[in-house]
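*Asks:* Below you'll find the structure I mean.
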Amino acid sequence: QQQVKQSPQSLIVQKGGISIINCAYENTAFDYFPWYQQFPGKGPALLIAIRPDVSEKKEGRFTISFNKSAKQFSLHIMDSQPGDSATYFCAASNSGAGSYQLTFGKGTKLSVIP
Amino acid sequence: ETGVTQTPRHLVMGMTNKKSLKCEQHLGHNAMYWYKQSAKKPLELMFVYSLEERVENNSVPSRFSPECPNSSHLFLHLHTLQPEDSALYLCASSQGGGVGYEQYFGPGTRLTVT
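Chains as they are written, first to last, in my numbering: chain A, 392 to 505; chain B, 901 to 1014.
Shown next as structure tokens:
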């Protein structure tokens, strides 16, 4: 059973456009939602993260929107650039369980074309 | 060397071979992780070590055997693997464990089992 569903699987956006990646989760105990960015030949790197006490978090061109009632969260990349082309993973975790476990989505391959 | 390093970067092995993957973190962290990354599947946490003690073991087959001799080094010993074990194996480390502690990933070892 996949606990974090991510869509779309791939995304093509023109330079300057907005990239939107969506994730939905099932476990209501999740309370930490990070996004990771992975370039070819590299490991994933933390991009931005949110906790459910806020509905939005912005860092530069990257914004997480969080909808607790719908159990959904999304990553918005404003003014997308070719350098943003990478695979993006959403993840979720439960701090109450004291767990090291991050449950990841399957990833979205973003291509930003000039 | 900086960050998290992994060797070898690529490995091809037969099903009867024994090999080991090595991970080294240069960040002064006290928790280390092994993940398996397969195409079109979520990252799967395999093992977690905190302060050199194994704290997570996600039902991984015994043909994978981790070893953490100190807080800077982590090994994954492989024997009698199956073709479905072919994947990218990622090592990560964090300062502290659990939610909110950013995991820093290495570049991975691309393993092919023939």
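Where is the CB? At the ideal position from N, CA and C, for every residue including glycine.
So, with DSSP's three-state summary, where would you put Glu447(A)?
*Replies:* On the first sequence, position 56 is the one that residue 447(A) refers to. Note: Glu447(A) maps to strand in three-state DSSP.
*Asks:* Give the residues of chain A in contact with Val948(B), contact being defined as C-beta atoms less than 7 Å apart.
*Replies:* Against the second sequence, residue 948(B) aligns to sequence position 48. By Cβ distance, chain A contributes Tyr491.
*Asks:* Out of curiosity, what's the CA-to-CA distance linking Asn485(A) and Tyr423(A)?
*Replies:* Within the first sequence, numbered from 1, the residue matching residue 485(A) stands at position 94. Within the first sequence, numbered from 1, the residue matching residue 423(A) stands at position 32. So the two alpha carbons sit approximately 7 Å from each other.
*Asks:* Buried or exposed: which applies to Thr885(B), given that a residue is buried once 16 or more other Cβ atoms fall within 10 Å of its Cβ?
*Replies:* It is not possible to answer for residue 885(B), since the shown part of chain B is limited to 901 through 1014.
*Asks:* My output table needs one value for Glu967(B): the three-state DSSP class, helix, strand or coil.
*Replies:* Your numbering for residue 967(B) matches position 67 in the second sequence. If DSSP states are grouped into helix, strand and coil, Glu967(B) belongs with the strands.
*Asks:* By how many angstroms is the C-alpha of Pro908(B) removed from the C-alpha of Ile342(A)?
*Replies:* The question about residue 342(A) has no answer here: the residues shown for chain A are numbered 392 through 505.
*Asks:* Hey, Lys918(B) and Ala987(B) are a contact pair by Cβ (cut 8 Å); roughly how many whole angstroms apart?
*Replies:* The residue you call residue 918(B) lines up with position 18 of the second sequence. The residue you call residue 987(B) lines up with position 87 of the second sequence. Their Cβ separation, rounded to whole angstroms, is 18 Å, which puts Lys918(B) and Ala987(B) out of contact at 8 Å.
*Asks:* Is the CB-CB distance between Ile409(A) and Leu402(A) below 8 Å?
*Replies:* Residue mapping note: residue 409(A) aligns to position 18 of the first sequence, counting from 1. Residue mapping note: residue 402(A) aligns to position 11 of the first sequence, counting from 1. Their beta carbons are not under 8 Å apart, which means Ile409(A) does not touch Leu402(A) by this criterion.
*Asks:* Does the distance from the C-beta atom of Val904(B) to that of Ala992(B) stay below 8 Å?
*Replies:* Walking along the second sequence from the start, residue 904(B) turns up at place 4. Walking along the second sequence from the start, residue 992(B) turns up at place 92. Yes. Within cutoff.
*Asks:* So, at 6 Å on beta carbons, what are the nonlocal neighbours of Tyr933(B) in its own chain, with the 5 sequence-adjacent residues on each side left out?
*Replies:* By one-based count along the second sequence, residue 933(B) stands at place 33. Only Val948, Ala992 meet the Cβ criterion.
*Asks:* Can you tell me which of the three DSSP states Ser959(B) falls into?
*Replies:* Walking along the second sequence from the start, residue 959(B) turns up at place 59. Ser959(B): coil per DSSP, three-state reduction.
*Asks:* Taking 8 Å as the threshold (beta carbon to beta carbon), is Pro908(B) in contact with chain A?
*Replies:* Residue 908(B) sits at position 8 when you count from the first residue of the second sequence. It does not: the Cβ of Pro908(B) has no partner Cβ on chain A nearer than 8 Å.
*Asks:* In the DSSP assignment, the beta strand (DSSP E) including Tyr479(A) goes from what residue to what residue?
*Replies:* Taking the first residue of the first sequence as position 1, residue 479(A) is located at position 88. Note, Tyr479(A): beta strand (DSSP E), 477-483.
*Asks:* Could you pull the DSSP bridge partners for Gln397(A) from this structure?
*Replies:* Walking along the first sequence from the start, residue 397(A) turns up at place 6. The partner list for Gln397(A) (beta bridge, DSSP) reads Cys414(A).
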